[in-house]
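Trainee: If you scroll down you'll find the structure; I have some questions about it.
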Amino acid sequence: MKKLKNALISVYYKDRLDEIVDLLATLNVKIYSTGGTYDFIRSLGVEAETVESLTGYPSILGGRVKTLHPKVFGGILGRQSKLSDIEQMTEYGIPAFDLVIVDLYPFEETVTKTDNPTEIIEKIDIGGISLIRAGAKNFDDVLIVPSSDYYSELIELLTNQHGGTSHADRKRFATYAFGVSSYYDTAIYQWMSANNTDQLRISAKEKAKLRYGENPHQQGIFHGNLNQLFEKLHGKELSYNNLLDLEAGINLIDEFEETTFAILKHNNACGIASRETLNEAYEAALAGDPVSAFGGVLVCNRIVDEATAESMNSLFFEIVIAPDFEINALKIIQSRKNRIILQRRGFATQKKQYRSILNGILEQEKDFRTESTADFTYVTTVQPTGDQLSDMVFANKIVKHTRSNAIVLAKNKQLFGSGVGQTSRVDALKQAIAKAKEFNFDLTGAVMASDAFFPFADSVEIAAKAGIISVVQPGGSVRDQDTIDYCNNNGIGMVFTGIRHFKH
């Protein structure tokens with residue numbers, strides 16, 4: 298156990314620093330400090346030495362250079378088990394530091410508050426990051442505390458061990474330190490590169506241990522800050538699968554400006570509808586597949602009112618996420634203790650997607666393309682009506698967020714049936730038709746959306762016999778003309794978008 302003798306403190310945040318300083322004074326540890334930190338320590342009535350008195354140099358260049366000096370870094374990097382290091386430190390009057398407490402300028406916080414590059418650059422910490430790395434490198438002799446996040450652990454450690462630190466303690470804190478420096482440098486790199494670079498840098502400070510992974514025998518952890526996305530108002534902790542469903546639900550509902558309600562199961566919509574009121578939208582969404590809705594995730598883009606909450610309350614569901622909830626509505630939904638109730642926050646999701654695969658990571662831009670009628674190319678002699686075009690836009694939004702191969706059938710801005718994750722497009726269509734019939738939907742006058750082109754005319758032939766009168770698809774097959782000819786010969790309107798929306 299190594300007893301502390303000399304401490305260097307240079308911090309930005311002062312929370313709980315008074316407790317640490319008082320504890321160090323009780324332990325008779327000599328303290329060296331800089332600028333505002335020195336003033337804070339002296340205001341507590343605790344003796345301290347300025348770094349300037351040690352180095353013989355003042356803080357210069359507007360505070361850019363304060364601790365960058367051999368007498369500071371020699372005291373941190375000096376190996377106290379090596380005779381030659383000890384002799385040199387003695388020769389040059391360098392104290393051996395065995396505790397370094399540092400935190401870094403708030404770079405990320407500054408980026409969120411301003412676009413001014415001068416202000417942002419001034420929050421790139423140089424001295425602090427150097428002190429952290431030096432202290433972490435020499436963990437054989439130095440306990441480095443790289444952030445105020447670790448003050449509580451430091452206080453507990455020094456109190457319980459009466460100012461002593463073990464090698465294991467110092468290595469643990471060194472590990473924290475390199476984690477802090479890595480995260481900090483990644484944030485700077487991403488800002489400097491404007492997140493547009495050939496080199497992948499991902500670092501997350503926050504993490505949440507989930508109930509389990511995809512299955513109960515798998516461990517699951519979320520790396521990131523969920524509090525930026527939503528506030529949990531009620532219910533049990535989120536699981537791995539809950540988060541996958543939430544992402545799918547948020548991505549889907551954000552496609553719609555009009556009042557819309559969606560019910561998801563295993564990342565796919567089993568019901569979705571747009572209506573004048575939220576309660577009407579919920580009822581229409583539920584009608585799409587009331588069987589699959591059991592245990593589902595509910596997502597909407599309007600404040601949940603009392604009438605909607607009353608309708609929802611009879612359904613067993615895992616999660617509901619909405620912009621807000623009326624007070625009485627919240628009371629109704631909270632009647633089941635395990636229901637997870639989330640209120641969305643206005644935080645932009647990531648622009649890129651990553652997936653671990655084989656021995657590496659796949660990266661792609663997120664699919665932000667959403668087609669409107671202005672993007673449609675009319676390829677048949679029959680022109681869809683205004684209502685049919687609205688339904689085609691509606692269905693195309695849904696199929697974009699449905700696992701491939703995918704087919705969506707819709708009418709009056711209500712999902713009638715979908716074919717999800719099938720190995721052939723024909724199978725996806727047959728599944729969608731079967732779903733619609735199971736829940737007594739009349740497909741006469743409905744529209745069909747496909748996430749990719751039809752390789753043959755068989756799909757539109759099957760759809761036409763089921764009552765479909767309009768089709769929206771990307772186009773691009775070498776046999777597109779066969780499909781167009783069938784539509785023309787059978788009074789079906791079809792448009793091409795030119796954009797495929799595979800989702801795997």
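Taking our numbering as reference, the numbering of the sequence shown is continuous, increasing by one, and the terminal residue is 801.
The beta carbon of each residue, even a glycine, is placed where N, CA and C say it ideally should be.
#1: Let's see if you can read the secondary structure: which residues bound the beta strand (DSSP E) around A707?
#2: First and last residue of the alpha helix (DSSP H) that includes T267?
#3: Hey, quick one: how far does the alpha helix (DSSP H) through L535 stretch, first residue to last?
#4: Per the DSSP calculation, I328 is bridged to which residue(s)?
#5: Using a Cβ-Cβ cutoff of less than 7 Å, which residues in the same chain neighbour A484 once the five nearest sequence positions on both sides are dropped?
#6: Going by DSSP, name the residue or residues bridged to V442.
#7: Three or more beta-carbon pairs under 8 Å between the stretch 712-720 and the stretch 685-699, yes or no?
#8: Return the chain-ordered list of same chain residues with a C-beta closer than 8 Å to the C-beta of A304, the five sequence neighbours on each side being excluded.
#9: So, helix, strand or coil for V343, using DSSP?
#10: Which residues mark the beginning and the end of the alpha helix (DSSP H) in which Y389 is found?
#11: Would you kindly work out how many angstroms separate the C-alpha atoms of S589 and D621, rounded to a whole number?
#12: Between the C-alpha atoms of F793 and E534, what's the straight-line distance to the nearest angstrom?
#13: Going by DSSP in three states, H464 sits in which element: helix, strand or coil?
#14: Could you give the residue range of the alpha helix (DSSP H) that holds T605?
#15: If you drop the 5 nearest sequence neighbours on each side, which residues of the same chain put their C-beta closer than 8 Å to that of Q525?
#16: Can you have a look at M791 and say buried or exposed, based on whether 16 or more other CB atoms are within 10 angstroms of its CB?
#17: What distance in whole Å lies between the Cβ atoms of A626 and V601, which are believed to be in contact at a cut-off of 8 Å?
#18: Quickly, what does DSSP pair L523 with across the bridge? List them, please.
#19: Taking DSSP's pairing of strands, which residues face K649 in a bridge?
#20: Which partner residues does E528 have in the DSSP bridge list?
#21: I'd like the list of long-range same chain contacts for K562, defined as Cβ closer than 6 Å, with 5 residues on each side in sequence excluded.
#22: With V768 and I796 assumed to form a contact (beta carbons below 8 Å), what rounded beta-carbon distance in angstroms separates them?
#23: Roughly how many angstroms separate the alpha carbons of Q496 and D779, rounded to a whole number?
#24: Helix, strand or coil: how does DSSP classify L365 here?
#25: Identify, in the order they occur along the chain, each residue of the same chain with its Cβ nearer than 8 Å to the Cβ of R636, setting aside the five sequence neighbours on each side.
#26: From this set, F751, A703 and F750, which residue's C-alpha is nearest Q728's C-alpha?
#27: May I ask you to report which of helix, strand or coil DSSP gives A474?
#28: Between V477 and S444, is the Cβ-Cβ spacing less than 8 Å?
#29: Buried or exposed for D412, please, with buried defined as at least 16 other CB atoms from any protein chain shown within 10 angstroms of its CB.
#30: The beta strand (DSSP E) spanning Q770 covers which residue range?
#31: List the whole-angstrom C-beta distance separating L706 from A743, where the pair is believed to meet the contact cut-off of C-beta under 8 Å.
#32: Would you mind stating whether G375 and D382 have Cβ atoms separated by less than 8 Å?
#33: By the DSSP assignment, the alpha helix (DSSP H) with A731 in it spans what residues?
#34: Tell me where the beta strand (DSSP E) around V617 begins and ends.
#35: Could you check which residue in F553, L549 and H520 has the C-alpha nearest to that of Y537?
#36: Do you know offhand how far T741's Cα is from R722's?
Mentor: Taking the structure as given:
#1: Indexing the sequence shown from 1 puts residue 707 at position 410. Element bounds for A707: I704 to A707.
#2: Because residue 267 is not part of the residues shown, which for the chain are 298 to 801, the question remains open.
#3: Numbered from its first residue, the sequence shown carries residue 535 at position 238. If you look at L535, you'll find it isn't in any alpha helix (DSSP H); DSSP assigns it neither H nor E.
#4: Within the sequence shown, the letter at position 31 stands for residue 328. Answer is A304, bridged to I328.
#5: Locating residue 484 in the sequence shown gives position 187, where the first residue counts as 1. Contacts found: F404 and E405.
#6: Locating residue 442 in the sequence shown gives position 145, where the first residue counts as 1. Note: V442 sits in a beta bridge opposite I398.
#7: yes
#8: Sequence index remark: in the sequence shown, residue 304 carries index 7 (1-based). Excluding sequence neighbours, A304 sits near L321, V326, K327, I328, Y329, F394, D395, L396, V397 and I398.
#9: Along the sequence shown, read from residue 1 onward, the residue named residue 343 stands at position 46. Note: V343 maps to coil in three-state DSSP.
#10: Locating residue 389 in the sequence shown gives position 92, where the first residue counts as 1. Run containing Y389: none; DSSP gives neither H nor E here.
#11: The residue you call residue 589 lines up with position 292 of the sequence shown. The residue you call residue 621 lines up with position 324 of the sequence shown. One C-alpha to the other measures close to 25 Å.
#12: Working through the sequence shown from its first residue, we reach residue 793 at position 496. Working through the sequence shown from its first residue, we reach residue 534 at position 237. Looking at the backbone, the Cα of F793 and that of E534 are separated by about 44 Å.
#13: As a working note, residue 464 is residue 167 in the sequence shown. Look at H464 here: in three-state DSSP terms it is helix.
#14: Along the sequence shown, one-based indexing puts residue 605 at 308. Counting along the chain, the alpha helix (DSSP H) containing T605 begins and ends at E603 to M609.
#15: To locate residue 525, count along the sequence shown from 1; it is residue 228. Closer than 8 Å at Cβ, skipping near neighbours: R642 and F644.
#16: The residue you call residue 791 lines up with position 494 of the sequence shown. It is buried - the Cβ of M791 has at least 16 other Cβ atoms within 10 Å.
#17: For the purposes of this step, residue 601 is taken as residue 304 along the sequence shown, with counting starting at 1. For the purposes of this step, residue 626 is taken as residue 329 along the sequence shown, with counting starting at 1. So it is a contact: roughly 5 Å between Cβ atoms.
#18: Position 226 of the sequence shown, counted from the first residue, corresponds to residue 523. Bridge partners of L523: none, in fact.
#19: For this step, residue 649 is matched to residue 352 along the sequence shown. The partner list for K649 (beta bridge, DSSP) reads E662.
#20: Position 231 of the sequence shown, counted from the first residue, corresponds to residue 528. According to DSSP, E528 bridges with Q640.
#21: For the purposes of this step, residue 562 is identified with residue 265 of the sequence shown, where counting begins at 1. For K562, the CB contacts under 6 Å within the same chain, skipping 5 residues up- and downstream, are S589 and G593 in chain order.
#22: For the purposes of this step, residue 768 is taken as residue 471 along the sequence shown, with counting starting at 1. For the purposes of this step, residue 796 is taken as residue 499 along the sequence shown, with counting starting at 1. The Cβ separation is near 15 Å, so there is no contact.
#23: Indexing the sequence shown from 1 puts residue 496 at position 199. Indexing the sequence shown from 1 puts residue 779 at position 482. Looking at the two C-alpha atoms, the distance is approximately 45 Å.
#24: Taking the sequence shown and counting its residues from 1, the one referred to as residue 365 is at position 68. Coil.
#25: The residue labelled residue 636 in the question sits at position 339 within the sequence shown. The residues are H531, G532, F614, E615, I616, V617 and I630.
#26: Taking the first residue of the sequence shown as position 1, residue 728 is located at position 431. For Q728, the nearest C-alpha among the options comes from A703.
#27: Within the sequence shown, the letter at position 177 stands for residue 474. A474: helix per DSSP, three-state reduction.
#28: Residue mapping note: residue 477 aligns to position 180 of the sequence shown, counting from 1. Residue mapping note: residue 444 aligns to position 147 of the sequence shown, counting from 1. Yes, the Cβ-Cβ distance between V477 and S444 is below 8 Å.
#29: One-based indexing of the sequence shown puts residue 412 at position 115. That one is exposed.
#30: Residue 770 sits at position 473 when you count from the first residue of the sequence shown. Q770 -> beta strand (DSSP E) spans S767 to Q770.
#31: Sequence index remark: in the sequence shown, residue 706 carries index 409 (1-based). Sequence index remark: in the sequence shown, residue 743 carries index 446 (1-based). About 5 Å; that satisfies the 8 Å criterion.
#32: Numbered from its first residue, the sequence shown carries residue 375 at position 78. Numbered from its first residue, the sequence shown carries residue 382 at position 85. Yes.
#33: Here residue 731 refers to the residue found at position 434 of the sequence shown. From DSSP, the alpha helix (DSSP H) with A731 extends over R722 to E735.
#34: For the purposes of this step, residue 617 is taken as the residue at position 320 of the sequence shown. Its beta strand (DSSP E) spans residues F614 to A619.
#35: In the sequence shown, residue 537 corresponds to position 240, counting from 1. When each option's Cα is compared against that of Y537, the closest is H520.
#36: Counting from one through the sequence shown, the residue named residue 741 turns up at place 444. Counting from one through the sequence shown, the residue named residue 722 turns up at place 425. If I take the Cα positions, the gap works out to 21 Å.
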